[in-house]
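These notes concern the structure reproduced below.
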Amino acid sequence: MGPFAIPAELPPAELDNVHVPFQLSLAHYTALRIISYIGAACSIVMLFALVSTYTYMLMYHRQASNRVTLRCIFLANLVSIVTVFLDIVALSRSVSKGDFCLIYSIIDGVFTMLAGVLTCVTSIHLITVFYFHVNWRFRPDYLLIPFCFVYAIIGNILNFGVFRPDMDKVQIIYFYLPENCWYYCQYIDRSVVKATWIYYYAFFGFFILISFIASLVTMYGIYKERRRNYATMAMPATSASSASDETRDNISMDQYLMASMPKLDFNVKIVLRSLLYPFVPLIVNVWGFALEMTLIPDNSVANYGLIVMNTLFNSFEAVLIGCIFFSDPTSKAVSRKGVGEQGERRGGSIDKGDTRNANFAHVLLKRHIRKLPLTMGFE
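The opening residue of the sequence shown carries number 16 in our numbering; numbering runs sequentially from there.
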């Protein structure tokens, strides 16, 4: 993040007068490297699982996989994995050799924000569908994905050289630590161009906040819609005594349907899923934001605990985003169907009771579907 400065050599007499915000030993630095390598290994496993699953969905369940949320989360995972691999490469590159560090700084800043924005934008899409009932006349990702790219670029505009400090006055001391790109761009640079990092986190945090608000509004809209649907399905109990046999049969089915409909558990799942999209970018980037806030005062010293947490969550961001993908109802349904198909091929059987319950619920919904003002918008 930000333009970097080549470490300046100072006379020994002046070393005591220079403040060093990042006072890390080689052992501290080695621990950060190990965390990065472990995160990269886990990201490779997640990448294989995610690509395999999504490819299977595209081949055999194209309609189920043709959803905006799945595409955005899948793309966010790929972008996040790119940043993880760039971090590994930057760990072996020197600051003073070539332009790799400058390119790495720009790409890492844009892609890190892009992964978070792609994850958060799903909440924006959900509020347009479930609360504002927008009938998209084209695929929403054709608009949302380019918007995320533009937003990430604007959020890193100061990183493109628009704002550059006086490099002649920058003095950074590495002690015995390697002068590699990753250590400088991820941490030392925070004390060099503070305004760039503050702008970055402010821009990123604003989008995460909007996503949280959108998730809460969506949750409220779904809850209100379901209550209205329940009220529409329920027939007045006072008409039961004078109703015909067919009407009494409908009333009993209404009551059965109302009793079988999930209420609290279903709403809790909606809340958790809608809040999960902005929560992952928040938990990944909040440590870096806290670290930058501690560096604002003069003569401040970086907190090593925040450095460790920031490295940990940034290294495992692809894994967390992948967990969102596999927790999606469509992904779980396709996985269960795939396992069921394999079980049938191996002589397994499906629970007949579950089949009868599912068919009975389908009949009930089919009988009442014309009465319900349901919103037929999907994620």
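In this text, a Cβ means the ideal position worked out from N, Cα and C, and glycines have one as well.
On the DSSP bridge list, what partners appear for residue i?
| i | result |
| --- | --- |
| N195 | S109 |
Is residue i near the ligand MN, going by C-beta to nearest heavy atom under 7 angstroms?
| i | result |
| --- | --- |
| V334 | Among the components of this structure there are no ligands whatsoever, and the ligand MN is therefore not found. |
Check this for me: beta carbons of residue i and residue j, under 8 angstroms apart or not?
| i | j | result |
| --- | --- | --- |
| I50 | L231 | no |
| V301 | G131 | no |
| C116 | V136 | no |
| C87 | L158 | no |
| I139 | A229 | yes |
| Y202 | F37 | yes |
| P315 | T68 | Correcting the residue identity first, residue 315 is Ser in this sequence and not Pro. Result no, Cβ atoms of S315 and T68 do not sit closer than 8 angstroms. |
| N195 | S109 | yes |
| T233 | L106 | no |
| V83 | P155 | yes |
| A79 | V349 | yes |
| V165 | F126 | no |
Determine the closest residue to residue i out of the options, with distance taken between C-alpha atoms.
| i | options | result |
| --- | --- | --- |
| I236 | R82, Y69, V60 and F145 | The sequence as given places Gly at residue 236; Ile does not occur at that position. Taking only the C-alpha atoms, the option nearest G236 is F145. |
| V104 | I122, I322 and E332 | I122 |
| V66 | A91, A42 and Y198 | A91 |
| S289 | P344, C196, W151 and R152 | P344 |
| N329 | M128, H76, A79 and N244 | M128 |
| T309 | K209, S107 and H148 | K209 |
| T134 | R351, N81 and E332 | E332 |
| A317 | L306, V323, L62 and M324 | L306 |
| H43 | V323, D313 and V334 | V323 |
| L62 | I96, S40 and L73 | I96 |
| F222 | A246, C200, I169 and K239 | I169 |
| L39 | Y238, Y199 and P161 | Y199 |
| F5 | N150, F153 and I213 | No answer is possible for residue 5: the residues shown for the chain start at 16 and end at 394. |
| S206 | D313, M72, R351 and Y71 | D313 |
| G124 | T143, Y75 and D204 | D204 |
| I118 | F227, W197, R241 and T211 | W197 |
| S226 | T143, K239, R243 and F153 | T143 |
| F147 | P161, N81, M72 and E240 | E240 |
Next on the checklist: Is it the case that the stretch 324 to 341 contacts the stretch 295 to 312, given that we only count it when at least three CB pairs across the two stretches are under 8 angstroms?
Outcome noted: yes
Item to check | Sequence ranges, alpha helix (DSSP H) only - wholly within the stretch 45 to 107, length at least 4 | outcome: Fully enclosed alpha helix (DSSP H) runs of 4 or longer: 77 to 80 and 83 to 105.
Item to check | Stretch-stretch touch, CB-based, cutoff 8 angstroms, three pairs: the stretch 212 to 219 with the stretch 44 to 62 | outcome: no
Checklist entry - Which ranges would you report for the alpha helix (DSSP H) in the stretch 282 to 341 if only whole runs of at least 4 residues count? => result Listed in chain order, the complete alpha helix (DSSP H) runs (minimum 4 residues) inside the stretch 282 to 341 are 319 to 330.
Next on the checklist: Pairs of beta-carbons, one from the stretch 96 to 108 and one from the stretch 55 to 68, closer than 8 angstroms: are there three or more?
Outcome noted: yes
Next on the checklist: To test your reading of the DSSP string, which unbroken alpha helix (DSSP H) runs of 4 or more residues are found completely within the stretch 144 to 173?
Outcome noted: 156 to 170
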